[in-house]
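A.B. asks: Questions regarding the structure given below will be posed in turn.
Set out below in structure tokens:
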């Protein structure tokens, strides 16, 4: 007979259970943007929860940008589900990645997957405005920059490539994963004593990616971006 | 001369600015799991914000699973950064996708990208336990199920494929995108008057994907999963 397994009791705050109930309605599609939630008192009764728990849950959902509350009695009053702006997703994802315990290889793998797709899509679209923006960033990075300034523009370049892909959701996911690595990538630059040589190499790699995008060569753009990412991650993931 | 461009003033609540400041410390790596935040009063002074704003920010971070607060004065008291469990990311992402206004084509594109990668990785790994789980789900779906029950297992199957890919982060992203579509996918099933025929087709497609994974044929697994996803999304995205 197997020995009994004991684990700590999971304490879940009531407001979290209220959030879960509201989430179920959102995910099933029973509730959507523009819909009004029942008044606090009624919602508490429906869920068998205290008004305090309902109030806390609504405050959290409001902070997440999921609902909006208006005081008063007019037609606009009450708690309404709002369409979340895309960048709110990115912020929340970034926060989570910053404290989550995913192995470094998982983050690199996700980066490669998402950024390959973004580079390929950017090459297929060849949007002149997006390419002009990438060129601008390349030029800015040609200046005699220190690691911090270069790293900031590096993040902007990768996020701009993600943004040129024409799929806003994939762009947000890519940007969030890349941005969550900002600190680790800067540390990788700091660890290299011969900064000018590393900087030259990164510039060449970036230029190669942008040229492939400009030429509309999707597989080449994806391969070059993957090589660029992996070469740097070998430094920082060890 | 260009005409002046007017846009609405963006009102950002103070607690959001507090969250941003804490996020900066997390992303730069200056703060990490296990670290303690300064006491509320001190943090308010450091950030030039009200204690109310700090309290609200901490409540939101707590709801997101980023910090944990303990009352009292012991060594365990105060607000501590906790390593976020991977599934917390999935929940927050799901909530956001449920109310976000990404075009349907973006969601389909992200699904295809992530699920292709997951299926290919699952085929490369050929993990016997993961494959046994997929087989179990296929068998359960062979029963005479209504749309709701079938749809539940359908979600589980896709999430299980994502989970067999060996990259936990990609798995969580895939599961979140797939789960956020749960309601829309069920509606697609409800819209089909000849349910037994649609169910048979979905079963065949699922079986084909799992067989390719079992055979270790990564490109075939990815292609079959993409065809399966696109065929269904044509129904629901129109």
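Residue numbers (the UniProt record's numbering), protein chains in the order written: chain H, 1 to 238; chain R, 1 to 238. All C-beta atoms, glycine included, are put in the ideal place defined by N, C-alpha and C.
Where does residue 188 of chain H land, buried or exposed, given buried means 16+ other C-beta within 10 angstroms?
C.D. replies: Start at 1 with the first residue of the first chain, and residue 188 of chain H comes out as number 188. By the 10 Å Cβ count, residue 188 of chain H comes out buried.
A.B. asks: In the region 46 to 108 of chain H, which residue ranges form an unbroken alpha helix (DSSP H) of at least 4 residues, counting only runs that do not cross its ends?
C.D. replies: Fully enclosed alpha helix (DSSP H) runs of 4 or longer: 51 to 63, 86 to 99.
A.B. asks: Tell me, please, whether the CB atom of residue 146 of chain R is closer than 9 Å to any CB atom in chain H?
C.D. replies: If you number the second chain from 1, residue 146 of chain R lands on position 146. Cβ-Cβ to chain H under 9 Å: no for residue 146 of chain R.
A.B. asks: Please list the terminal residues of the continuous alpha helix (DSSP H) segment that includes residue 183 of chain H.
C.D. replies: Here residue 183 of chain H is taken as the residue at index 183 of the first chain, counted from 1. From DSSP, the alpha helix (DSSP H) with residue 183 of chain H extends over 182 to 190.
A.B. asks: Which residues, in order along the region 97 to 125 of chain R, keep a beta-carbon less than 9 Å from a beta-carbon of chain H?
C.D. replies: Of all residues in the region 97 to 125 of chain R, 97, 98, 99, 100, 101, 102, 103, 105, 106, 107, 109, 110, 113, 114, 117, 121 have a Cβ within less than 9 Å of some Cβ in chain H.
A.B. asks: Strictly below 9 Å CB to CB, what residues from chain H border residue 187 of chain R?
C.D. replies: As a working mapping, residue 187 of chain R is identified with position 187 in the second chain. Per Cβ cutoff of 9 Å: 29.
A.B. asks: So with CB distances below 9 Å, who are the chain R contacts of residue 88 of chain H?
C.D. replies: Counted from its first residue, the first chain places residue 88 of chain H at position 88. 96, 100, listed in chain order.
A.B. asks: Classify residue 135 of chain H as helix, strand or coil using the three-state DSSP reduction.
C.D. replies: Taking the first chain and counting its residues from 1, one reaches residue 135 of chain H at position 135. DSSP places residue 135 of chain H in helix when its eight states are reduced to three.
A.B. asks: By a C-beta neighbour count over all protein chains shown, 10 Å radius and 16 as the cutoff for buried, is residue 46 of chain H buried or exposed?
C.D. replies: The residue you call residue 46 of chain H lines up with position 46 of the first chain. Counting Cβ neighbours within 10 Å, residue 46 of chain H comes out exposed, since fewer than 16 surround it.
A.B. asks: If you draw a straight line from the alpha carbon of residue 39 of chain H to that of residue 98 of chain R, how long is it in whole angstroms?
C.D. replies: Residue 39 of chain H sits at position 39 when you count from the first residue of the first chain. Residue 98 of chain R sits at position 98 when you count from the first residue of the second chain. For residue 39 of chain H and residue 98 of chain R, the distance between alpha carbons rounds to 21 Å.
A.B. asks: Consider the Cβ of residue 38 of chain R: report whether some Cβ of chain H lies at a distance smaller than 9 Å.
C.D. replies: As a position in the second chain, residue 38 of chain R is number 38, starting the count at 1. By this cut-off, residue 38 of chain R is not an interface position.
A.B. asks: Just mark residue 53 of chain H as buried or exposed, buried being the case when its beta carbon has 16 or more other beta carbons within 10 Å.
C.D. replies: Numbered from 1 along the first chain, position 53 holds the residue referred to as residue 53 of chain H. Residue 53 of chain H is buried by the Cβ-count criterion.
A.B. asks: At the level of alpha carbons, what is the spacing between residue 17 of chain R and residue 185 of chain H?
C.D. replies: Position 17 of the second chain holds residue 17 of chain R. Position 185 of the first chain holds residue 185 of chain H. Residue 17 of chain R and residue 185 of chain H: Cα-Cα distance of roughly 25 Å.
A.B. asks: Compute the distance between the beta-carbons of residue 202 of chain R and residue 212 of chain R, then report whether it is under 9 Å.
C.D. replies: For the purposes of this step, residue 202 of chain R is identified with residue 202 of the second chain, where counting begins at 1. For the purposes of this step, residue 212 of chain R is identified with residue 212 of the second chain, where counting begins at 1. In this structure, residue 212 of chain R does not lie closer than 9 Å to residue 202 of chain R by Cβ.
A.B. asks: Which residue wins for smallest C-alpha separation from residue 154 of chain R, given the options R/127, R/141, R/131?
C.D. replies: As a first step, residue 154 of chain R must be located in the second chain, where it is residue number 154. Measuring from the Cα of residue 154 of chain R, the nearest candidate turns out to be R/141.
A.B. asks: Could you please tell me which residues of the region 164 to 183 of chain R, in chain order, have their CB closer than 7 Å to any CB of chain H?
C.D. replies: So the close ones are 167, 168, 169, 170, 173, 179, 180, 182, 183.
A.B. asks: Counting only beta-carbon separations shorter than 9 Å, does residue 92 of chain H have a partner in chain R?
C.D. replies: Against the first chain, residue 92 of chain H aligns to sequence position 92. It does: the Cβ of residue 92 of chain H has a partner Cβ on chain R nearer than 9 Å.
A.B. asks: Less than 9 Å between the C-beta atoms of residue 78 of chain R and residue 37 of chain R, yes or no?
C.D. replies: The residue you call residue 78 of chain R lines up with position 78 of the second chain. The residue you call residue 37 of chain R lines up with position 37 of the second chain. Contact flag set, yes.
A.B. asks: Between the alpha carbons of residue 63 of chain R and residue 55 of chain R, how many angstroms are there, rounded?
C.D. replies: For the purposes of this step, residue 63 of chain R is taken as residue 63 along the second chain, with counting starting at 1. For the purposes of this step, residue 55 of chain R is taken as residue 55 along the second chain, with counting starting at 1. Cα-Cα distance, rounded: 12 Å.
A.B. asks: Measuring only between beta-carbons, confirm whether residue 33 of chain H sits less than 9 Å from chain R.
C.D. replies: On the first chain, residue 33 of chain H is found 33 positions in, with the first residue counted as 1. Yes, residue 33 of chain H lies at the interface with chain R (some Cβ there is under 9 Å from its Cβ).
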